[in-house]
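A.B. asks: Here it is: the structure, laid out below.
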Amino acid sequence: MAQDRLTVWTDVVRQSQIEAYKALHPEVTIDVQTVAPEEVVSKLQVLMRAKGAIPDLIWMADSNFASRLSTRLSNYLMDISDLIPQATKDNFYNNANRPCTINGKLVCLRNDITPNVIWYNAPLLQDLGKTVPATWEEFEQLSADVAALNQGYVMGSSSYPYTLWVMMMSAGCDMAVPVDGKEDTLKIDLSTEQCLRPARMIDNMIANGTLIPEEPPSPAFVQKAQANKLVMLVAPTWYGEFVVKASYAFAPKQTGIAIPPKWADQTEPMTWSMGGGAWGIWKDTQVRDAALDMLLWLDTSNENAAAAVTMAAYEPASQAWGKGINESGYYANEDPFGTLVESAGYAHPGYSSLRISVDQAISKTFTPILLSGGKLVDALPGIQQELINQAQLNGYTVE
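Counting along the sequence shown from 1, when you hit position 109 you're at 109 in UniProt numbering, and nothing is skipped either side.
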């Protein structure tokens, strides 16, 4: 009996996961190709036009890849809506598969989730006599209080588009959010109070110096963090392991995790995400069942999640990863993973896959204004127009 043969595209980080699956399934021949994440879409587009050797399963590091590979001209991804058991779908974290849902069709499964949380410097906060803010109003007040000490304390970046995007979405700003029930339709309106309120907060924090021009991964920001000037910042679930621990070199028990803030008039937080990849299957694969089995193992198995580098989107499998986080003893919380789980429940339903780049629109429009001393509030009309232009150019209807 002939073996199934799968061609899989992955990145270097997840190559070991493919090898682990191969060891468990000798009945399947798997050809593995490592492809740089930024080259996946363009290479697939070339292969599909040339009718070349198209992979059966691919890793998509960018949440926007799903939408870019589900167009009339780049129609790669298989609709797996009816192939995934409902019980399996239900076990993914809240809104985890929104970036994999294109015009109502499930075209991939999320591998990991990245809702934003508060990462705070626990001993510094205690020395300052402050507590973790529960609301954005308290967050802004804390920034004013630490700025008044004139010690160079920081709470984030003014030039990092993701930081601004996260804060803007916290109040329900319609910053290129898909409209449910309407194909290829985006709501873009930055003139509402839901957008103005966080923009004013950002402007105030820029003015008092707690949002600095340097980006969080930059050497200058790292230097601030290592000098014990970083009070806290709002960042995704992977920041603790890959930035705070690895780059900022915070000592054990220095880093605390808290759920993201809510606005005072909200009943609960609404937190944006940053990152999180997914696996998808070629719609014309000749080995659908083998590809589907591999996709499910990669995304839902305890074995794979336990060894993963980020928090699994599949809740039961994430427990194995979370156990390692809790047992590491690194974080100040008694149950750091529990905080990440709670925060996942507040994931913004608008975090989805788009054929436009919101972060580029922010950078293109706001950066020149920021450099000239201007305010984000004044940049909102320009950002809105840039988003509308991008959306219409990429075939969206704008409301």
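C-beta atoms are modelled at their ideal positions from N, C-alpha and C, and glycine is treated no differently.
Candidates 302, 199, 239: which alpha carbon is nearest residue 340's?
C.D. replies: The residue with the shortest Cα to Cα distance from residue 340 is 239.
A.B. asks: Is the closest heavy atom of the ligand GTP to the C-beta of residue 299 under 7 Å?
C.D. replies: Of the ligands one can find in the structure shown there are none, so the ligand GTP has no counterpart to examine.
A.B. asks: Taking contact to mean 3 or more Cβ pairs, one atom from each stretch, closer than 8 Å, check whether the region 137–152 and the region 349–362 are in contact.
C.D. replies: Segments in contact, no.
A.B. asks: In chain order, what residues of the same chain lie with their CB nearer than 8 Å to the CB of residue 31, ignoring the 5 residues before and after it?
C.D. replies: So the list reads 5, 6, 7, 8, once near-sequence residues are dropped.
A.B. asks: Assign residue 117 to buried or exposed, taking buried as 16 or more other Cβ atoms, counted over all protein chains shown, within 10 Å of its Cβ.
C.D. replies: Classification for residue 117: buried.
A.B. asks: Can you check the region 216–298 for any alpha helix (DSSP H) of at least 4 residues that lies completely inside it and give the ranges in chain order?
C.D. replies: Listed in chain order, the complete alpha helix (DSSP H) runs (minimum 4 residues) inside the region 216–298 are 219–226.
A.B. asks: Could you tell me which whole beta strand (DSSP E) segments of length 3 or greater appear in the region 144–205?
C.D. replies: Correct list: 174–178, 185–189.
A.B. asks: Between which residues of its own chain and residue 1 is the CB-CB distance below 8 Å, once the five residues before and five after are set aside?
C.D. replies: Its pLDDT being 41, under 50, residue 1 is placed unreliably by the model, and nothing is read from it.
A.B. asks: My assumption, with CB atoms under 8 Å, is that residue 76 sits in contact with residue 282. Please give the rounded CB distance.
C.D. replies: Confirmed, Cβ separation roughly 6 Å.
A.B. asks: With DSSP run on the structure shown, which of helix, strand or coil describes residue 62?
C.D. replies: Residue 62: coil per DSSP, three-state reduction.
A.B. asks: Please look up how many angstroms separate the CB atoms of residue 92 and residue 315, rounded, as I've assumed it's under 8 Å.
C.D. replies: Right, their Cβ atoms sit about 7 Å apart.
A.B. asks: If the criterion is Cβ atoms closer than 8 Å, does the pair residue 244 and residue 155 meet it?
C.D. replies: No. Outside cutoff.
A.B. asks: Quick one: grab the DSSP three-state call for residue 377.
C.D. replies: In this structure, residue 377 counts as helix in the three-state DSSP scheme.
A.B. asks: For residue 34, which of 59, 51, 366, 103 has the nearest alpha-carbon?
C.D. replies: Residue 34 has its Cα closest to that of 59, out of 59, 51, 366, 103.
A.B. asks: Go to residue 369, then tell me how far its alpha helix (DSSP H) extends in each direction, as first and last residue.
C.D. replies: Residues 358–371.
A.B. asks: Among 346, 111, 12, which residue has its Cα nearest to the Cα of residue 169?
C.D. replies: With distances taken between Cα atoms, residue 169 lies closest to 346.
A.B. asks: Roughly how many angstroms separate the alpha carbons of residue 215 and residue 284, rounded to a whole number?
C.D. replies: Each residue's Cα considered, the two are about 42 Å apart.
A.B. asks: With 16 other CB atoms within 10 Å as the buried threshold, where does residue 386 fall?
C.D. replies: When all chains shown are included, residue 386 counts as buried.
A.B. asks: Helix, strand or coil for residue 6, going by three-state DSSP, please let me know.
C.D. replies: Reduced to three states, the DSSP call for residue 6 is strand.
A.B. asks: In three-state terms, what does DSSP make of residue 16?
C.D. replies: Here residue 16 sits in helix by DSSP.
A.B. asks: According to DSSP, which residues form a beta bridge with residue 110?
C.D. replies: For residue 110, which the question treats as bridged, DSSP gives the partners 278.
A.B. asks: Report the residue from 50, 56, 45 whose alpha carbon sits nearest the alpha carbon of residue 74.
C.D. replies: The candidate whose alpha carbon is nearest that of residue 74 is 45.
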